[in-house]
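Asks:
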Amino acid sequence: MKILEQATYNKNDFKIENRQYIYNGFIKVEKVSLKHRLFNQAEYTPPISRELIRRKEAAGVLIYDDQQQRFALIEQFRVGAIDDTISPWQLEIIAGVLDGDETPETCVRRESLEESGCEITHLEHLFTFYPSAGACDERFHLFVAESTLPEHGGIYGMPDEGENIQLHIIPYKELDALFGSQRLCNAPVIMALQWLKQHIVTLKA
Numbered sequence: 001m002k003i004l005e006q007a008t009y010n011k012n013d014f015k016i017e018n019r020q021y022i023y024n025g026f027i028k029v030e031k032v033s034l035k036h037r038l039f040n041q042a043e044y045t046p047p048i049s050r051e052l053i054r055r056k057e058a059a060g061v062l063i064y065d066d067q068q069q070r071f072a073l074i075e076q077f078r079v080g081a082i083d084d085t086i087s088p089w090q091l092e093i094i095a096g097v098l099d100g101d102e103t104p105e106t107c108v109r110r111e112s113l114e115e116s117g118c119e120i121t122h123l124e125h126l127f128t129f130y131p132s133a134g135a136c137d138e139r140f141h142l143f144v145a146e147s148t149l150p151e152h153g154g155i156y157g158m159p160d161e162g163e164n165i166q167l168h169i170i171p172y173k174e175l176d177a178l179f180g181s182q183r184l185c186n187a188p189v190i191m192a193l194q195w196l197k198q199h200i201v202t203l204k205a
């Protein structure tokens, strides 16, 4: 077996002593008291108290167009970046939270129409990951999709949900400059654009 293919411990190696919700709003916050196994020991930790932010699963997609040699990013205000030294208006891929029992694929197709007007058919799944497992249980499903992009960007989003989203259509040739800027500040957009950079190399091979 290759190293790290299997976790050292699993869900049977921790014990929850108490858990309760201390906030229930747009997000939920749970107070959890637990103990977990120590590496290379039979003992458990002393009781540990943690706040757990509970969020719905989310999904996002990078839309690109090899024929046009362009890709799409969106820009919107993010309260989590309110103290950012450059701007709380962040560059991102199209994304949203799963609504009810919808699948990640259905979610990104819906969000693509709402945030760019683009209709997606074929999706390629890259990763599913925890953006901030130290404090939050959110899982993010990351996709890429090739689709015909509009000639120009525009303003999109659902105003009744407080969304005000600007769509940017960016040429492939500007990708390196974008990586050299300070405008890429969240994991999904960085991961997706790293994939795109490798994809462009493959196209040229």
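Per the UniProt record's numbering, the sequence shown runs over residues 1 to 205. All residues carry an ideal CB built from backbone N, CA and C; glycine is no exception. Bear in mind that the values here come from a model prediction, so they are computed numbers and not experimental data.
#1: Report the rounded CA-to-CA distance for VAL29 versus ILE22, giving the unit in angstroms.
#2: Helix, strand or coil: which one does DSSP assign to ILE27?
#3: Which complete alpha helix (DSSP H) runs does the UniProt domain "Nudix hydrolase" (54-197) hold, if anything under 4 residues is left out?
#4: Assign LYS204 to one of three DSSP states: helix, strand, or coil.
#5: Around the Cβ of TYR130, are there at least 16 other Cβ atoms within 10 angstroms (buried) or fewer (exposed)?
#6: According to DSSP, LEU4 sits in a beta bridge with which residue or residues?
#7: Name the one or two DSSP bridge partners that GLU51 has.
#8: GLN76 to ASP84, Cα distance in whole Å?
#9: Can you name, in chain order, every residue of its own chain whose Cβ lies under 8 Å from the Cβ of ASN164, other than the five neighbours on each side?
#10: Using the C-alpha atoms, what's the distance from LEU4 back to LEU98?
#11: Can you check DSSP and say which residues form a bridge with ILE16?
#12: Taking the CB atoms as reference points, tell me whether ALA145 and LEU123 lie closer together than 7 Å.
#13: Use the C-beta contact count for HIS36: other C-beta atoms within 10 angstroms, 16 or more gives buried, fewer gives exposed.
#14: Using a 10 Å radius around the Cβ and a threshold of 16 neighbouring Cβ atoms, would you call PRO88 buried or exposed?
#15: ILE53 and ALA135 - do their beta-carbons sit closer together than 7 Å?
#16: Based on the DSSP secondary-structure assignment, which residues constitute the bridge partners of TYR21?
#17: Taking the alpha carbon of LEU203 as the point to measure from, which residue in ILE190, GLN69, ASN12 and LYS56 has its own alpha carbon closest?
#18: Would you grab the beta carbon distance between ILE63 and SER116 for me? Rounded to a whole angstrom, and I think it's under 8 Å.
#19: Within 10 angstroms of its Cβ, does PRO104 collect 16 or more other Cβ (buried), or is it exposed?
#20: Measuring only the C-alpha atoms, how far is GLU111 from ALA192?
Replies: Straight from the coordinates:
#1: As a working note, residue 29 is residue 29 in the sequence shown. As a working note, residue 22 is residue 22 in the sequence shown. Rounded to the nearest angstrom, the two C-alpha atoms are 6 Å apart.
#2: The residue labelled residue 27 in the question sits at position 27 within the sequence shown. ILE27 falls in the coil class under three-state DSSP.
#3: Fully enclosed alpha helix (DSSP H) runs of 4 or longer: 104-116 and 175-180.
#4: On the sequence shown, residue 204 is found 204 positions in, with the first residue counted as 1. In the three-state DSSP reduction, LYS204 falls in the helix class (H, G or I).
#5: Numbered from its first residue, the sequence shown carries residue 130 at position 130. Flag for TYR130 reads exposed.
#6: Working through the sequence shown from its first residue, we reach residue 4 at position 4. Partner(s): none; LEU4 has no beta bridge.
#7: Looking up residue 51 in the sequence shown gives position 51. DSSP output for GLU51 lists LYS31 as bridge partner(s).
#8: Taking the first residue of the sequence shown as position 1, residue 76 is located at position 76. Taking the first residue of the sequence shown as position 1, residue 84 is located at position 84. In a straight line, the C-alpha of GLN76 is about 14 Å away from that of ASP84.
#9: Within the sequence shown, the letter at position 164 stands for residue 164. Hits under 8 Å: GLN76, PHE77, ILE155 and GLY157.
#10: Position 98 of the sequence shown, counted from the start, is the residue given in the question as residue 98. Position 4 of the sequence shown, counted from the start, is the residue given in the question as residue 4. One C-alpha to the other measures close to 30 Å.
#11: Here the question's residue 16 lines up with position 16 in the sequence shown. DSSP links ILE16 through a beta bridge to LEU34.
#12: Walking along the sequence shown from the start, residue 145 turns up at place 145. Walking along the sequence shown from the start, residue 123 turns up at place 123. Their beta carbons are under 7 Å apart, which means ALA145 touches LEU123 by this criterion.
#13: For the purposes of this step, residue 36 is identified with residue 36 of the sequence shown, where counting begins at 1. The residue in question, HIS36, is exposed, as its Cβ has fewer than 16 Cβ neighbours within 10 Å.
#14: Working through the sequence shown from its first residue, we reach residue 88 at position 88. That one is exposed.
#15: In the sequence shown, the residue the question calls residue 135 occupies position 135. In the sequence shown, the residue the question calls residue 53 occupies position 53. Contact: yes.
#16: Here residue 21 refers to the residue found at position 21 when the sequence shown is read from its first residue. Within the DSSP bridge table, the entry for TYR21 names GLU30 as partners.
#17: Here residue 203 is taken as the residue at index 203 of the sequence shown, counted from 1. When each option's Cα is compared against that of LEU203, the closest is GLN69.
#18: Mapped onto the sequence shown, residue 63 falls at position 63. Mapped onto the sequence shown, residue 116 falls at position 116. Yes, ILE63 and SER116 are in contact; Cβ-Cβ is about 7 Å, under 8 Å.
#19: Stepping through the sequence shown from its first residue, residue 104 is reached at position 104. That one is buried.
#20: Locating residue 111 in the sequence shown gives position 111, where the first residue counts as 1. Locating residue 192 in the sequence shown gives position 192, where the first residue counts as 1. Our two residues, GLU111 and ALA192, have alpha carbons roughly 16 Å apart in a direct line.
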